[in-house]
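Peer 1: Just so you know, we're using my numbering here: the sequence shown kicks off at 1 and counts up by one. From the three backbone atoms N, C-alpha and C, an ideal C-beta is built for every residue, glycine too.
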Amino acid sequence: MSQHAATDTALDPAAVASPHAADLIPAGTAMDAVTLYVGDLDAMTAYYRDVLLLEVLDVAAPAEAVLAVQASATVVLGRSWTPLVILRHTPGLPTPRRGEAGLFHTAILFPTEADLAVTVASIAARAPGTFAGSADHVVSKAFYFTDPEGNGIELYWDRSRADWTWVDGAVTMGSLALDPNAFLREHLTDTALEEPGDAVVGHVHLSVGDVPSARAFYVDALGFEVTAQWHGALFVAAGGYHHHLAMNTWNSAGAGPRASSLGLGEVAIVVPTADDVAALTGRLAHHRVAVRDDGAAVSFEDPWRNQIRVSAQG
1 MSQHAATDTA
11 LDPAAVASPH
21 AADLIPAGTA
31 MDAVTLYVGD
41 LDAMTAYYRD
51 VLLLEVLDVA
61 APAEAVLAVQ
71 ASATVVLGRS
81 WTPLVILRHT
91 PGLPTPRRGE
101 AGLFHTAILF
111 PTEADLAVTV
121 ASIAARAPGT
131 FAGSADHVVS
141 KAFYFTDPEG
151 NGIELYWDRS
161 RADWTWVDGA
171 VTMGSLALDP
181 NAFLREHLTD
191 TALEEPGDAV
201 VGHVHLSVGD
211 VPSARAFYVD
221 ALGFEVTAQW
231 HGALFVAAGG
241 YHHHLAMNTW
251 NSAGAGPRAS
261 SLGLGEVAIV
271 VPTADDVAAL
281 TGRLAHHRVA
291 VRDDGAAVSF
301 EDPWRNQIRV
311 SAQG
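1) State the start and end residues of the unbroken beta strand (DSSP E) segment that holds Arg318.
2) Per DSSP, Thr82 forms a beta bridge with which residues?
3) The ligand GTP and Pro96: does any heavy atom of the ligand fall closer than 7 Å to the residue's C-beta?
4) Let me know if Asp302 comes out buried or exposed under the rule of 16 or more other beta-carbons within 10 Å of its beta-carbon.
5) Once you ignore the five residues that flank Leu184 on each side, which residues in its own chain have a CB closer than 8 Å to its CB?
6) Ignoring anything shorter than 3 residues, give me the beta strand (DSSP E) runs that lie fully in the region 236 to 299, in order along the chain.
7) Based on Cα-Cα distance, which residue from Gly133, Lys141, Asp179 and Pro212 lies nearest to Pro111?
8) Given that a residue counts as buried once 16 or more other Cβ atoms are within 10 Å of its Cβ, and exposed if not, what is Thr189?
9) Tell me Thr29's beta-bridge partners as DSSP assigns them.
10) Would you check if the distance between the CB atom of Gly263 and the CB atom of Gly78 is smaller than 8 Å?
11) Using the Cβ count rule (16 or more neighbours within 10 Å means buried), how would you classify Thr165?
12) I believe Thr249 touches Gly223 by the beta-carbon criterion, under 8 Å. Please report the beta-carbon distance rounded to the nearest angstrom.
13) If you draw a straight line from the alpha carbon of Gly129 to that of Ile153, how long is it in whole angstroms?
14) When burial is assigned at 16 or more other CB atoms within 10 Å of the CB, is Pro96 buried or exposed?
15) Between Ala290 and the rest of its own chain, which residues show a CB-CB distance below 7 Å, the 5 nearest in sequence each way excluded?
16) What residues in its chain sit with their C-beta under 8 Å from that of Thr45, if we drop five residues either side in the sequence?
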């Protein structure tokens, strides 16, 4: 959710509706690693590896660059062999202009509060200036950061789904105060510090030009269900999650298609089966969205030229 100061404003369930069941993206849908185009690969790798405590899972580089991260390299980072962030070195691209569409944040989900606390404590010790805020979102507890090239990051933990409240098809979320120091005092344990736990990409939050176009694309065409709307933001999900994707206009109202730039390279989504990919491709064709199929996945652009890639599990 928002990286701005926490408030106790509740989400408005008004106008939340779901598409016909036959047009829905399947309940088993999940987010995959987010690709970032980066200018300084060494600095970005160091931040995600040494500060966020992600593991380097793979480095693709020219043959002459076996011993070092150099030009044209791609670094894959994650936890327990699960990729979370892919850094692709593209030093010729400009930085994004203010007010453009693109990435608001990549949200990394931790299984326990202790696991979350370990990473928050690492950032507090190694890069405290990258802290951007924290909030209790009722369904989750979240901490926000900004990486060395300005990409937003959310680190969060979900409360049990049994504790979520739904009203007229909308999940109750908010942005309540969350004291990061109190959170660390309560949840940072010696056991958790010994070895960072698992994590996944829980959701991706995008900056877009307008909410109606985002709804037409992500709900009507892709088949996500609306779970909430709030102050210029739309939250959508599959299978009753609070949100797999969010789109807001807080910094980008009126933005048109993105120019090629550093920052967001690709949002990756995984659906359960190849049949689900085929069904999605059919929906996109019906909505006249151009799709590229490379045999392993289908790729396409949203109205702001954010790149989306969908593949089947396994």
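Peer 2: In this structure, then:
1) Since the first residue shown for the chain is 1 and the last is 314, residue 318 is missing from the structure and cannot be characterised.
2) Arg79
3) Here there are no bound small molecules, and the ligand GTP is not part of this structure.
4) buried
5) Ala117, Val120, Ala121 and Ala124
6) 245 to 248 and 263 to 271
7) Lys141
8) exposed
9) DSSP lists no partner for Thr29.
10) no
11) exposed
12) At roughly 22 Å, the Cβ-Cβ gap does not stay under 8 Å, so Thr249 and Gly223 are not in contact.
13) 13 Å
14) buried
15) Phe300
16) Val56, Val69, Val75, Leu77 and Leu87
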